[in-house]
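Protein chains: 2
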Amino acid sequence: MKKMENQGSLKRCRVKDNFWTPIQELISDTVIPYQEKILNDKVPGAEKSHAIENFRIAAGESQGEFYGTVFQDSDVAKWLEAVAYSLERKPDEKLEARADAVIDLIEKAQQPDGYLNTYFTIKEPEHRWQNLQECHELYCAGHMMEAAVAYYQATGKDKLLKVMCRMADHIDARFGEGKQEGIPGHEEIELALLRLYRATGEKRYLDLSAYFINQRGKNPHFFEEESAKRGWTHFGMDPKDTEYNQSYAPVRDQREAVGHSVRAMYLYTAMADLAAETGDKSLYTACRVLFESATHRRMYVTGGIGSSAHGEAFTQDYDLPNDTAYAETCAAIGLVFFARKMLSLEVKGEYADVMERCLYNGILSGMQKDGSRFFYVNPLEVIPGLSGKWPEYKHALPARPKWYACACCPPNLARLVESLGEYAWGENDTTIYSHLYLGGSYTSADGTVVKSQSSYPWKGKVSYEVKPGTSFTTLAIHIPGWCKEFTITVNEDEIALPVKDGYCYLTRDWKDGDKVTLSFSVKPRRVYADPRVREDAGKVCLMRGPLVYCLEAVDNGKNLCRLLLPRSVSIVTAHEKDEDIGSYVSLRFTGLKEKSFKHLYQDQPPETEPVPVKAIPYFLWGNRKQGEMRVWINEG
Amino acid sequence: MKKMENQGSLKRCRVKDNFWTPIQELISDTVIPYQEKILNDKVPGAEKSHAIENFRIAAGESQGEFYGTVFQDSDVAKWLEAVAYSLERKPDEKLEARADAVIDLIEKAQQPDGYLNTYFTIKEPEHRWQNLQECHELYCAGHMMEAAVAYYQATGKDKLLKVMCRMADHIDARFGEGKQEGIPGHEEIELALLRLYRATGEKRYLDLSAYFINQRGKNPHFFEEESAKRGWTHFGMDPKDTEYNQSYAPVRDQREAVGHSVRAMYLYTAMADLAAETGDKSLYTACRVLFESATHRRMYVTGGIGSSAHGEAFTQDYDLPNDTAYAETCAAIGLVFFARKMLSLEVKGEYADVMERCLYNGILSGMQKDGSRFFYVNPLEVIPGLSGKWPEYKHALPARPKWYACACCPPNLARLVESLGEYAWGENDTTIYSHLYLGGSYTSADGTVVKSQSSYPWKGKVSYEVKPGTSFTTLAIHIPGWCKEFTITVNEDEIALPVKDGYCYLTRDWKDGDKVTLSFSVKPRRVYADPRVREDAGKVCLMRGPLVYCLEAVDNGKNLCRLLLPRSVSIVTAHEKDEDIGSYVSLRFTGLKEKSFKHLYQDQPPETEPVPVKAIPYFLWGNRKQGEMRVWINEG
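These protein sequence lines map, in sequence, to chains A and B.
So the first sequence is numbered by the UniProt record's numbering: it starts at 1 and just counts up by one.
So the second sequence is numbered by the UniProt record's numbering: it starts at 1 and just counts up by one.
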């Protein structure tokens, strides 16, 4: 359990393959400009954002009222962070100039004492720091710190970094041991302060992060006391609901992933990062327990977490309803953050497996193929007439909207996808880790360069060309948990390697130009849920490689619940090209369709007739004609 | 389509058998006295009622404030109606004296102009008749009219009848063609006015009922206009939600059972009764369409209707979730009312089938075996940790409470069970109909007496001993839809009779003492839901005779979703005797239990091991140790 890597500039990990590069290009060319327009209220018909204007008003450059949620600033922060990664990948002077202008605004919006938050600056300056439970001041600060670090690393420009150091100093002067007691109602600043610490070397930021983490839950009545002291509320949230924000117990005593799932993931990510930074074993143990709780018992097959719309929250073990699933895009993104930090603590394939599950399914599903619309909620079943309409299903929209009043997910997705290289690679003194099968290249601290080519996820072939540096000895390649057979060749020779905790370790006397090729089958497979998952009993999910598949009405007609996939039926792949969703691999099989009854109930099981069935990758759902969708298929 | 019978005094239809008589005795000996105590706030730990005290205050006999819902009076009305049926079945001077005293109070609470409603009399006299949408004045009046008719028929005492005629006159003077426009927000008075008309012969009551029915939905903006006119709200209900109270279209144009399911059933019952009374074919057609909508596509296997807690409402075809089911006891009772009136319009076995389905399952489940606790909501699946706790499942309690703030269901169940004889029998000029297999006797208008003996539902044997009257020619016996084979003997001779629309018609030259015996098997059977019911796909429900069975954790351990019932496995019956639930027949089989996974998802289907499984009648669930329950079993 040692800290194995210092994640830093994206320049060391380039992505270039046929799957992710087009998505990154879409983010750079379409999503980032689109989101910039949104933030500037220039997209007709989309939810009003006003986020840039809020900064303009706070900076004294515009007149008007604050508009939006109390955490509106974070949309700008996440956009700037995505811009930073995009610039790092692909310089763009005009975009950089526009981002610089936004940063100028942010600097001007900062108060003389270092405070930065447009809501409280414009609207309720007298209420600053009184409502950590509901008011997201620390959360917004955290996101802006992340943006500041990313922008600094991408461009070398430190204006925003200095702004956020002043804000961090402001916070540090107020909160901590012997100062004012405080923990954020929405975790985020903890992980951001660790990034700020690493970017600046300022140990106070590490200590402040540790304070927020270690203080959490020590006084489980903190938010109640805070609420009583101030006597006002912003959202009317219950300060006694300490599970919601993971403040019910000290973090090391927490045993289950509970409450608001995004809050939980951001906290756990910070805990794992702090454990890696400090070597704190008790914190590592808590992270491990919480990771198991979240992913062994409370995660959808798509990597979605937080099964209930009420509180956007975890419920209890094995409670994973498909039609009312919340599975917020941000929560799956947060799980990737958490899994990535766990990988830095210990190399275990299951962390990379979770990243892969989330990335290729419950995260990518958050964005329309053309980058113009986004899901906040990612259901595994859509029922026309109910989904998005009936109260229990109101949150589970059957089509992606243009934007949201609470717009956390779209920019979160943008920043993750643009920084994907960091999730694909890792290193320690002698080893380079390939966690994800991304084409591109990785340059390690000792100057080793590994160039990868990948046709994943559509094909099971990845190759690595190595130019060894000074201390490099080992290339460690993740073998996904679902992959039972594979071959590895080095140059022309096939070699047999054991899988150790999900990784193959290839140690040799590396020569410049050595080429390692990994091949495996991505034949369609049937996946089952633990029988304690009530909603998936008797059902099967189709996967191919990392991709979860689903059925849509546009391919299969109405009443998808009438389709059975008999256990003996073979599933074939087909290469498709579609106007709306481009090229992809579908799965096809001859299913059985249950015939409807004369009466609602009868003593005979339904008769069936064979029908052709087509499944498409889950991440592509909702891009064609709106209608029914389901991931879990009844098994015949 | 002619009106075949004039349902009247319960004295003509006596119930006496080993299944229902103990339940009726329980109602008389336990439930009615218990509810009387509740209404008088004498049950510690139960929800406060204050319903009698409200009448006392309105009568000027007590000082204090009104307490309870705006429809609190109806609890007293339904209790009085149950008392009336109980007295008719089994005289009880003391109970009658106490009921007389309550009626004295009600008379004193009536205002000089005939108005009767304690909420508006005590609390908001200035707001009378301004809020038909929300305030239940007509609803409460309707229930008290039903009580008045029942009490008059049971005891011959007409004090309450006169009170309610004055109230009906008061309403008639205000509402109708050429008078103030008005329809009730919660239907009930329509069916009550028809009863009042039949008890008194006053045609104005028939006309007023017809006005309320025919006016409904003619002006779909009525509640909006009413709301705008008064400028205040009681519950904050949306006056535009015209589906909720079935006012979105004229009743003859309504094609789907929508909205609040109890409201819907009370309306449809009145529509069917009015159609029978007037021979109105268009109204009959609407009833038929609505009956099919409610029972062919929107009814649980238990007879429960109204699948959503939001608005206690119907949702859409085949949407019948088991764990979040609402399936209010009152709604199933309302469906029995409706089905019974449809039977008066046309003799079709499906109406009797629906009555039977509701009575033996989704209605009886509403009451604890000992009569002391009640369910409002009747889920088909209970999940510890979620049911009754988590927001989506909050309404689906895992155990019956003592009483409810909105206490509509317990007295509704009491009045239905006490008047069950009326649902069991019917007649027209020459024929007596046995709709339900109840032991007891029926005396027809021509003096025919049919005595029945029944061991239903535990055994498939019913016999009828006939003493023919002047015009009797035919005994028509309902054959349940699920019963495919039966034998009928007359005296000692077996005879073959066709089933016509669910009934066997036995016409002969009847002799005094002729005995007809019906025998059929009640062997366990598997029941399937139409494959369009998403939640029941791949599942099977066990039934025996009219009884739906369920699994409880107390018999089968946790994780009932892991139990499979293979299609080839035989199901045997066992006679049980239990401390808490008495004697009953259980179903037992060797099921397969799916083994849990090492990981949440895996590529192999679960392994299984054989386990003994025990199912109990659904109506008995929740009487032993609290825990998981499910009706629909995964089929292996």
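Every residue, glycine too, gets a C-beta built ideally from N, C-alpha and C.
Proximity of residue i and residue j at Cβ, strictly below 8 Å
{"i": "phenylalanine 71(B)", "j": "histidine 136(B)", "result": "yes"}
{"i": "threonine 302(B)", "j": "leucine 380(B)", "result": "yes"}
{"i": "tyrosine 433(B)", "j": "serine 452(B)", "result": "no"}
{"i": "leucine 397(A)", "j": "phenylalanine 375(A)", "result": "yes"}
{"i": "glutamine 316(A)", "j": "leucine 290(A)", "result": "no"}
{"i": "phenylalanine 212(B)", "j": "proline 250(B)", "result": "no"}
{"i": "phenylalanine 223(B)", "j": "serine 247(B)", "result": "yes"}
{"i": "alanine 257(A)", "j": "serine 293(A)", "result": "yes"}
{"i": "valine 15(B)", "j": "glycine 421(B)", "result": "yes"}
For residue i, the three-state DSSP class (helix, strand or coil)
{"i": "glutamate 5(A)", "result": "Legend: pLDDT at glutamate 5(A) = 46, less than 50; position of this residue unreliable, value from coordinates given subsequently. Coil."}
{"i": "tyrosine 456(B)", "result": "coil"}
{"i": "lysine 159(A)", "result": "helix"}
{"i": "isoleucine 183(B)", "result": "coil"}
{"i": "glycine 582(A)", "result": "strand"}
{"i": "leucine 80(A)", "result": "helix"}
{"i": "serine 568(A)", "result": "coil"}
{"i": "alanine 574(B)", "result": "strand"}
{"i": "histidine 260(A)", "result": "strand"}
{"i": "threonine 474(B)", "result": "strand"}
{"i": "lysine 593(B)", "result": "strand"}
{"i": "arginine 588(B)", "result": "strand"}
{"i": "aspartate 241(B)", "result": "coil"}
{"i": "alanine 339(A)", "result": "helix"}
{"i": "tyrosine 601(A)", "result": "strand"}
{"i": "asparagine 634(A)", "result": "strand"}
{"i": "lysine 451(B)", "result": "strand"}
{"i": "glycine 68(A)", "result": "coil"}
{"i": "glutamate 328(B)", "result": "coil"}
Burial state of residue i (16 or more Cβ within 10 Å)
{"i": "isoleucine 495(A)", "result": "exposed"}
{"i": "phenylalanine 235(A)", "result": "exposed"}
{"i": "tryptophan 232(A)", "result": "exposed"}
{"i": "arginine 630(B)", "result": "buried"}
{"i": "proline 612(A)", "result": "exposed"}
{"i": "lysine 341(A)", "result": "buried"}
{"i": "glutamine 180(B)", "result": "exposed"}
{"i": "aspartate 493(B)", "result": "exposed"}
{"i": "glutamine 7(A)", "result": "Any reading at glutamine 7(A) is ruled out, since the residue's pLDDT is 48, under 50, leaving its predicted position unreliable."}
{"i": "valine 572(B)", "result": "exposed"}
{"i": "glycine 64(B)", "result": "exposed"}
{"i": "glutamate 5(B)", "result": "Its pLDDT being 46, under 50, glutamate 5(B) is placed unreliably by the model, and the measurement read from it follows with that caveat. The residue in question, glutamate 5(B), is buried, as its Cβ has 16 or more Cβ neighbours within 10 Å."}
{"i": "glutamate 485(B)", "result": "exposed"}
{"i": "residue 679(A)", "result": "Outside the shown range of chain A (1 to 636) lies residue 679(A), about which nothing can therefore be said."}
{"i": "lysine 78(A)", "result": "buried"}
Identity of the residues DSSP links to residue i by a beta bridge
{"i": "aspartate 514(A)", "result": "Val466(A)"}
{"i": "serine 282(A)", "result": "None, per the DSSP bridge assignment."}
{"i": "methionine 629(A)", "result": "Val382(A) and Glu552(A)"}
{"i": "cysteine 541(A)", "result": "Val527(A)"}
{"i": "isoleucine 616(B)", "result": "Cys550(B)"}
{"i": "proline 610(B)", "result": "Leu592(B)"}
{"i": "leucine 563(B)", "result": "Lys593(B)"}
{"i": "threonine 121(B)", "result": "Note: threonine 121(B) sits in no beta bridge, so no partner."}
{"i": "tryptophan 425(B)", "result": "Ser434(B)"}
{"i": "cysteine 408(B)", "result": "Paired residues: none, contrary to the question."}
To test your reading of the DSSP string, which unbroken alpha helix (DSSP H) runs of 4 or more residues are found completely within the segment 9-41 of chain B? DSSP runs (the alpha helix (DSSP H)) wholly in the segment 9-41 of chain B: 20-26 and 32-39.
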